[in-house]
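Novice: The sequence shown: position 87 = 87 (our numbering), numbered continuously.
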Amino acid sequence: HVGQVVNMSIREAFEWCETVPESLSAQKNEIARAILKEIRERLGFLNNVGLEYLTLSRNAGTLSGGESQRIRLASQIGSGLTGVLYVLDEPSIGLHQRDNGRLLTTLKNLRDQGNTVIVVEHDEEAIREADYVFDIGPGAGVHGGQVVSHGKPEVVAADENSVTGQYLSGQREIAVPGERRPGNGKAIKVVNATGNNLQGVTAEFPLGRFVCVTGVSGGGKSTLTIET
């Protein structure tokens, strides 16, 4: 029944839809064919943007920023519209590199459908994957507001006047500290944290240090650090 289906993950529901025709009579298959095709396509779009682990009953308010964004993009791919201009402001925010690759694939799929996709981005991978790049600067605030460089990524990377290009070419890089702070010896301990995708997680955060919590989108990072 419906309750069982909505408790399935997107991947499980997609696979289940593939088997439904086998259990229906010829007459019922005739009725269900178009409906099942639409459902499979929509589930397929969600599957293809890396959301196969979500259950259909999941409350939208509990989704991470990356998950919500990919759902919106999947719905746009499913719309089949062409000749549309999409403008996205930093779509890679909050995404793990694995998920960032899936996001870029989704954006290129939108482009390949005959659309134009413009993104405001700082992400290096997104810049390198773009067909054309505008570098705005040279500084921030009153020191910016100019097009410093534009063209294919390799053109911007070769432009000495572009700070972005200098990072793309490797002339500049983010310095990695040679030593790590030892901290103050104290810690905050979260015990048996449960919620959304967390399943009884225990974590100890050292104090007086710069601590990074990372992982793929939807892994439970925000739930662990903010909601527990």
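The beta carbon of each residue, even a glycine, is placed where N, CA and C say it ideally should be.
Report the residue from I174, G50 and L198 whose alpha carbon sits nearest the alpha carbon of T106.
Specialist: G50
Novice: Can you name the residues that DSSP bridges to D123?
Specialist: Note: D123 sits in no beta bridge, so no partner.
Novice: Using only CA atoms, which one of L95, H150, V84 and A203 lies nearest to G215?
Specialist: Proximity to G215 across L95, H150, V84 and A203 peaks at L95, based on C-alpha coordinates.
Novice: What residue range is occupied by the uninterrupted alpha helix (DSSP H) comprising K101?
Specialist: Note on identity: in this sequence residue 101 is Gly, with Lys being the wrong assignment. G101 -> alpha helix (DSSP H) spans Q97 to D112.
Novice: Between the Cα of S222 and those of R209, N197, P206 and E204, spot the shortest distance and give me the residue it belongs to.
Specialist: N197
Novice: Of the residues I118, I39 and A60, which one's Cα is nearest the Cα of V87?
Specialist: I118
Novice: Whether or not the segment 76 to 83 and the segment 31 to 50 are in contact is what I'm after, with contact meaning three or more pairs of Cβ atoms, one per stretch, closer than 8 Å; do they touch?
Specialist: These segments touch.
Novice: Please state whether the Cβ-Cβ distance between V156 and V133 is less than 7 Å.
Specialist: yes
Novice: I think H122 touches D135, with their Cβ atoms under 8 Å apart; what is that distance to the nearest whole Å?
Specialist: Contact flag wrong, Cβ pair sits at about 11 Å.
Novice: Taking the beta strand (DSSP E) that S162 falls in, what are its first and last residues?
Specialist: That residue, S162, is in no beta strand (DSSP E); it is neither H nor E in DSSP.
Novice: I believe L56 touches M8 by the beta-carbon criterion, under 8 Å. Please report the beta-carbon distance rounded to the nearest angstrom.
Specialist: Contact flag correct, Cβ pair sits at about 6 Å.
Novice: For T202 and A187, I'd like the C-alpha separation in whole angstroms.
Specialist: 13 Å
Novice: Mapping DSSP to helix, strand and coil, what is K189?
Specialist: Strand at K189.
Novice: Please report the residue range of the alpha helix (DSSP H) in which I39 lies.
Specialist: A26 to N48
Novice: My guess is that V20 and A32 are in contact by the Cβ rule of under 8 Å, so how many angstroms apart are they, rounded?
Specialist: 7 Å
Novice: Cutting at 7 Å between CB atoms, please list the residues of its own chain near S92, excluding the five before and the five after it.
Specialist: N100, L103, E121, D123 and A126
Novice: Which first and last residues belong to the alpha helix (DSSP H) in which E18 is found?
Specialist: I10 to T19
Novice: Quick check: the Cα distance between L168 and D159, rounded to an integer number of angstroms?
Specialist: 10 Å
Novice: Considering only residues of the same chain and omitting the five flanking positions on each side of F205, which have a CB-CB separation below 7 Å?
Specialist: A187, I188 and V211
Novice: Please determine, among E90, G208, N192 and D112, the residue with the shortest C-alpha to C-alpha distance to R180.
Specialist: It is G208 whose Cα lies nearest to the Cα of R180.
Novice: Can S217 and G61 be called in contact, C-beta distance under 7 Å?
Specialist: no
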